[in-house]
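Take the sequence shown: its position 51, counted from the start at 1, is 51 in the UniProt record's numbering, and no numbers get skipped. By construction, the Cβ of each residue, glycine as well, lies at the ideal position given by its N, Cα and C atoms. Here is the structure we will look at.
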Amino acid sequence: MQEDESKIKWSQFLAGDNEAYCWIYKVYIQMLFRYGHSFTSDTELIKDCIQDVFTGLYKNRKQLVTPKNIKVYLLVSLKNSLINALYREDHYTSYDHETVSFTLGLTVEEQYVTDEQYTNQQRKIQEILNVLTPRQKEIIYYRYIQELSFDEICIMMDMNYQSAQNLIQRSLKKIRDLYGPVEVFLLLLSISVQ
1 MQEDESKIKW SQFLAGDNEA YCWIYKVYIQ MLFRYGHSFT SDTELIKDCI QDVFTGLYKN
61 RKQLVTPKNI KVYLLVSLKN SLINALYRED HYTSYDHETV SFTLGLTVEE QYVTDEQYTN
121 QQRKIQEILN VLTPRQKEII YYRYIQELSF DEICIMMDMN YQSAQNLIQR SLKKIRDLYG
181 PVEVFLLLLS ISVQ
């Protein structure tokens, strides 16, 4: 539903409607900010990269077309901007999807929650996720938190469809082998309701 409205607003933005541009920014800014924290804890760098993405959109709107999925388009744009910025800052020696660090954990908001049951549940989720590689965490994030299709995940992670399916299955098998099938179910249930 929101994707349909986003496409309408995107078309209006491409036609020169500044209010539609502001709407797109307001709808996606928090999601992009949280996503940026998956790559770095440098809040200022994340803000700068988000600004770069939206500045680039505004400058190049006459050459843009409406993407298949605006959310995925913005996520890919931010990911590329962050990787380029981190590369410039010498955090990465080369651009390689396999070496990019992707963390999946508690957000700043969640860290301030004092409910003991919630905190214990989050600790258990974090413990389970810590056994995964950065790529495995990334695919779990896209599939179960962002609820992206495998086709969209392939775009985000620059991999083919079968590789994406294999990676998600290996990730879930690793958790199942270490913690059992009940933990996999609880993990997926917990992260899907966040």
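Nearest-angstrom Cβ-Cβ length linking residue i and residue j, presumed shorter than 8 Å
i	j	result
residue 21	residue 58	6 Å
residue 76	residue 156	6 Å
residue 142	residue 153	5 Å
residue 46	residue 29	Actually they are not in contact, since the Cβ atoms of residue 46 and residue 29 sit about 11 Å apart, beyond 8 Å.
residue 40	residue 86	6 Å
residue 178	residue 136	Contact flag wrong, Cβ pair sits at about 12 Å.
residue 70	residue 10	6 Å
Buried/exposed call for residue i, threshold 16 Cβ in 10 Å
i	result
residue 16	exposed
residue 175	buried
residue 181	exposed
residue 5	exposed
residue 44	exposed
residue 19	exposed
residue 79	buried
residue 56	exposed
residue 161	exposed
residue 8	exposed
residue 89	exposed
residue 3	exposed
residue 65	exposed
residue 81	buried
residue 138	buried
residue 149	exposed
residue 110	With a pLDDT of 48 at residue 110, under the threshold of 50, the predicted position of this residue should be treated as unreliable, and no value is reported.
Simplified DSSP state of residue i, which is helix, strand or coil
i	result
residue 4	helix
residue 108	Any reading at residue 108 must be qualified, since the residue scores a pLDDT of 48, below 50, and its modelled position is unreliable; no value is offered.
residue 20	helix
Cβ-heavy atom distance, residue i to the ligand GDP, below 7 Å
i	result
residue 55	This structure lacks the ligand GDP; in fact it carries no ligand of any kind.
Going residue by residue through the UniProt domain "RNA polymerase sigma-70 region 2" (25-90), where are the continuous alpha helix (DSSP H) segments of at least 4 residues, counting only ones entirely within it?
Counting only unbroken stretches of 4 or more residues, the alpha helix (DSSP H) elements lying wholly within the UniProt domain "RNA polymerase sigma-70 region 2" (25-90) are 43-59, 70-88, in sequence order.
Ignoring anything shorter than 4 residues or poking outside the region 111-181, list the alpha helix (DSSP H) runs there in chain order.
Runs of the alpha helix (DSSP H) inside the region 111-181: 116-129, 134-140, 150-157, 161-179.
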